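Participant: This is the structure I want to talk about, given as structure tokens.
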Amino acid sequence: MDAEDKFDRDEKKYIKNKQARKVFDDVFDKETIATITELARKKYFDEVEFVISTGKEGNVFRCNSGKNFYALKIYKIETSDFKHMSDYIIGDERFKDVRKDKFEIVKAWTRKEFRNLEELSRARVRVPLPIAFARNCLVMEFIGVDGVAAPRAKDKVFLDMEEKYEIVCKYMAKMVKKKLVHADLSEYNILNNDEELVVIDVGQSVSTLHPKAKEFFERDVRNMSRWFKRHGVDTNEKKMYTDIKAKK
């Protein structure tokens with residue numbers, strides 16, 4: 001058996017769902033699939049089951065290990081928005097040594113999301129718990145109930161929006177205290193996990209020392225205040241700034 005046949009056999013062993021294999025075949029190179037295979041060999045999961053969500057930068061899949069589920073986020077290398085990613089990495093002193101080519105930026109983005117998840121978890125901001133990363137692949141906690149992935153807040157509004165407003169203000173204050181800004185906070189990057197609010201997609205989150213940190217923070221406040229106001233919360237940008245400050 002040559003190396004090509006062995007690779008194909010290993011791919012089928014860990015990626016059993018036809019839809020998942022098709023997404024891999026259409027989007028990801030063999031080095032990425034080899035990385036997934038290696039993560040599976042290290043027992044982070046047994047197999048990749050199916051796609052949970054797709055995006056411009058990457059796709060998220062559900063994995064299993066026995067009766068436990070995990071999320072596998074895979075960042076695209078060839079089709080990723082290099083310029084967009086660079087804006088959030090270049091200027092962040094934590095990643096000042098990253099070379100400015102697409103492959104290195106994508107790898108740094110993966111490492112950056114893992115590190116941001118770690119730091120936010122320690123700050124008691126509810127995010128998916130990070131488990132492992134390699135190359136352009138990130139393994140993390142699966143957010144959902146009975147194996148069904150939690151919907152985004154844009155698709156399922158919380159029952160008690162006043163309570164969730166207070167939680168978001170508290171989380172934004174905790175982020176700043178941890179010297180981080182989410183930089184893309186909106187109802188698209190919050191999950192409604194059976195009424196539990198979970199912040200996701202923190203790969204772009206930057207240090208408060210980033211030259212655009214203030215601009216990003218103001219955008220987060222603007223997005224969140226407008227969304228909550230649209231759903232009946234008595235707030236605006238100025239009030240939300242005050243409410244976040246009061247949580248510090």
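Under full-length UniProt numbering, the residue at position 179 of the sequence shown is numbered 179, and the numbers go up by one with no gaps. A virtual CB, placed ideally from N, CA and C, is assigned to each residue, including glycine. Please read all numbers here as calculations on a predicted model, not as lab measurements.
Hey, how far is the Cα of residue 200 from the Cα of residue 42?
Facilitator: Rounded to the nearest angstrom, the two C-alpha atoms are 25 Å apart.
Participant: Taking Cβ positions, are residue 139 and residue 130 nearer each other than 9 Å?
Facilitator: yes
Participant: Work out the CA separation of residue 209 and residue 67 for me, nearest whole Å.
Facilitator: 42 Å
Participant: Mapping DSSP to helix, strand and coil, what is residue 217?
Facilitator: helix
Participant: Determine which residues share a DSSP beta bridge with residue 144 and list them.
Facilitator: According to DSSP, residue 144 bridges with 149.
Participant: On the criterion of 16 or more Cβ atoms from any shown chain inside 10 Å, does residue 101 qualify as buried, or is it exposed?
Facilitator: exposed
Participant: Alpha carbon to alpha carbon, how far is residue 115 from residue 134?
Facilitator: 13 Å
Participant: Would you kindly check if the distance between the Cβ of residue 206 and the Cβ of residue 88 is under 9 Å?
Facilitator: yes
Participant: So what does DSSP say about residue 54, is it helix, strand or coil?
Facilitator: strand
Participant: Suppose you measure from the CA of residue 248 to the CA of residue 153; what does that come to, to the nearest Å?
Facilitator: 25 Å
Participant: From which residue to which residue does the beta strand (DSSP E) around residue 197 run?
Facilitator: 196 to 199
Participant: Report buried or exposed for residue 56, applying the criterion of at least 16 other Cβ atoms within 10 angstroms of its Cβ.
Facilitator: Classification for residue 56: exposed.
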